[in-house]
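**Q**
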Amino acid sequence: MNSKSKSHIKQSSEEFTRMCQYLGLKYLAEHYPELIDKAGKQDPGYYEFIRQIVQAEDAAKRQRRVEYLVRQSRLPQPLKMLSDFDFDFQEKLDRRLVMDLSCMEFIQRKESILFIGNNGTGKSHLAQSLGQMACQHGYRTYYTTCSDLIRDLNQGVYEKTLEKRIRKYINCELLLIDEMGHDRLELQVVREAHLLFKVIDQRYKENKSLIFTSNIEEEQWPEFLGDPVSTDAILDRIFHHSVIVRIYGPSYRKYQSGLLQKKYAENNTNFENESG
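Following the working numbering, the residues of the sequence shown are numbered contiguously, the last one being 333.
If you want it as C-alpha cells, here you go:
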C-alpha cells in the first residue's frame, strides 16, 4: 500500500470518527475497528452486522447512563451490593420480600420502603443496595442521611434558598433518607421537623417513592422530632402505600468485630507457638 492510499484511509477514518462523535455515537467512534475486524472473522450478513453495531452502541449508552445516575445519586462509596448481604445472619429477615423489592416494581407502583431496626442490622446496606439497583434500572436516585437533609434545609432557611433545596429532594424518582434517629442532635428545634415534613409531604403529593431507614420505632418519633403534629403527618405519609421491613436481629458490625478479634487472637497464639 502506497503512502497516498494510507493517507486516504487515515483521512476517511478521521472523517468517520468525527461523524460518529457528531451523532453522539461515542462507542462506535472508539471501537469501530474492532467491530469491523470481528465482522471480517464472523462474516455476518449486512443486517446482522448493523444489528451488532446498534446493540453495542445501545449497551454502551446504557452503561454511561447508569454511571451518571450513580454519580448523581451521591450514594456512599464503595457501593453496597445486595449480593454481599448476609441473609443467613439475619434469619428473621424475609429474604424473598427483599428480592422482590430489588426488581424495582415498588417504584412503578409509587410505593415506599421503610426499614426499621436496631443498629448494625443491615438497614443501610439494604437501602443503599436498592438505591444502586434503582440506578441500574435507569431511575434518578438521590441519597442523604436524615441529619444531612435537615442541615441542608436549615441552611436554606437562612440563605433564603429553601424552595430550591427542597426541589433537589423532590425531582428524583427515588429518595433515600438514611439513619433516622442516628444523631439526636440533628433535630433540636420544632422548625426542623416541619422542614422534614415539607420534603415528605411534597413527595407524597407527587406519588414518588422513598426509602427510609430508622433506628427508632415509630412510637418514639414524636419525642425524637420534638413536634407531635408534624410527626403524625410525617408518619401518616410515610406509612401510607409503604412496605415496612423490620429487622430485629443481632448487630452484624458487632459480629464482624468479634470475628476480627478472634482472628487476631488466633494469629497471636500461632505466632507465640512458632516463636517458642
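Glycine residues also receive a C-beta, built at the ideal position from the N, C-alpha and C atoms.
#1: Indicate whether L270 and F142 have their beta-carbon atoms separated by less than 7 Å.
#2: DSSP on L233, reduced to helix/strand/coil?
#3: Would you mind working out which of Q212, L253 and G177 sits nearest S314, comparing C-alpha positions?
#4: Do you know how far the Cα of G102 is from the Cα of L183?
#5: Does the separation of the CB atoms of E168 and H298 fall below 7 Å?
#6: From T74 to Q185, what distance separates their C-alpha atoms?
#7: Please return the same chain residues whose Cβ sits closer than 7 Å to the Cβ of A191, not counting the five positions on each side in sequence.
#8: Which class does L171 belong to by DSSP, given the choice of helix, strand or coil?
#9: Going by DSSP, name the residue or residues bridged to F269.
#10: Going by C-alpha to C-alpha distance, which of K118, S266 and Y309 sits closest to I170?
#11: Can you tell me whether Y84 is helix, strand or coil according to DSSP?
#12: With a 10 Å radius around its C-beta and 16 neighbouring C-beta atoms as the bar for buried, classify Y200 as buried or exposed.
#13: By DSSP's criteria, T198 is part of a beta bridge. Which residues make up the other side?
#14: Take G81 as the anchor and find which of R121, P90 and M156 has the nearest alpha-carbon.
#15: Mapping DSSP to helix, strand and coil, what is S299?
#16: Just to confirm, is the Cβ distance from G238 to I273 under 7 Å?
#17: Compute the distance between the beta-carbons of G179 and Y309, then report whether it is under 7 Å.
#18: Taking only runs that begin and end inside the segment 109-192, name each unbroken alpha helix (DSSP H) of 4 or more residues, in chain order.
#19: Between I212 and the rest of its own chain, which residues show a CB-CB distance below 7 Å, the 5 nearest in sequence each way excluded?
#20: Where DSSP assigns a beta bridge to I304, which residues make up the other side?
#21: Taking its Cβ as the centre, do 16 or more other Cβ atoms sit within 10 Å of T288, making it buried, or is it exposed?
**A** Reading it off the structure:
#1: Numbered from 1 along the sequence shown, position 213 holds the residue referred to as residue 270. Numbered from 1 along the sequence shown, position 85 holds the residue referred to as residue 142. With the sequence shown as reference, residue 270 is identified as Thr, and Leu is not the correct amino acid for it. Taking 7 Å as the Cβ cut-off, T270 and F142 do not qualify as a contacting pair.
#2: Taking the sequence shown and counting its residues from 1, the one referred to as residue 233 is at position 176. In this structure, L233 counts as strand in the three-state DSSP scheme.
#3: Here residue 314 corresponds to residue number 257 of the sequence shown, with the count starting at 1. Nearest option by C-alpha distance: G177.
#4: Position 126 of the sequence shown holds residue 183. Position 45 of the sequence shown holds residue 102. Answer to the nearest angstrom: the Cα atoms are 46 Å apart.
#5: As a working note, residue 168 is residue 111 in the sequence shown. As a working note, residue 298 is residue 241 in the sequence shown. Yes.
#6: In the sequence shown, the residue the question calls residue 74 occupies position 17. In the sequence shown, the residue the question calls residue 185 occupies position 128. Computed Cα separation, rounded: 39 Å.
#7: Here the question's residue 191 lines up with position 134 in the sequence shown. Around A191: M161, I164, T198 and L231.
#8: Counting from one through the sequence shown, the residue named residue 171 turns up at place 114. Reduced to three states, the DSSP call for L171 is strand.
#9: As a first step, residue 269 must be located in the sequence shown, where it is residue number 212. Bridge partners of F269: L171 and I234.
#10: Within the sequence shown, the letter at position 113 stands for residue 170. Closest by alpha carbon: S266.
#11: The residue given as residue 84 occupies position 27 in the sequence shown. Helix, per DSSP.
#12: Translated into the one-based positions of the sequence shown, residue 200 becomes position 143. So Y200 counts as buried.
#13: If you number the sequence shown from 1, residue 198 lands on position 141. For T198, which the question treats as bridged, DSSP gives the partners L231.
#14: Start at 1 with the first residue of the sequence shown, and residue 81 comes out as number 24. The shortest C-alpha separation from G81 is found at R121.
#15: Position 242 of the sequence shown, counted from the first residue, corresponds to residue 299. Strand, per DSSP.
#16: In the sequence shown, counting from the first residue as 1, residue 238 sits at position 181. In the sequence shown, counting from the first residue as 1, residue 273 sits at position 216. Yes, the pair counts as a contact, with Cβ atoms nearer than the cut-off.
#17: Here residue 179 corresponds to residue number 122 of the sequence shown, with the count starting at 1. Here residue 309 corresponds to residue number 252 of the sequence shown, with the count starting at 1. Yes, the pair counts as a contact, with Cβ atoms nearer than the cut-off.
#18: 152-158 and 162-165
#19: Sequence index remark: in the sequence shown, residue 212 carries index 155 (1-based). Here residue 212 is Gln; the residue named in the question, Ile, does not match the sequence. If we look at Q212 and ignore the five residues flanking it on each side, it has no Cβ neighbours.
#20: Taking the first residue of the sequence shown as 1, we reach residue 304 at position 247. Answer is G174.
#21: Within the sequence shown, residue 288 is the residue found at index 231, counting from 1. Classification of T288: buried, given that the 10 Å Cβ count is 16 or more.
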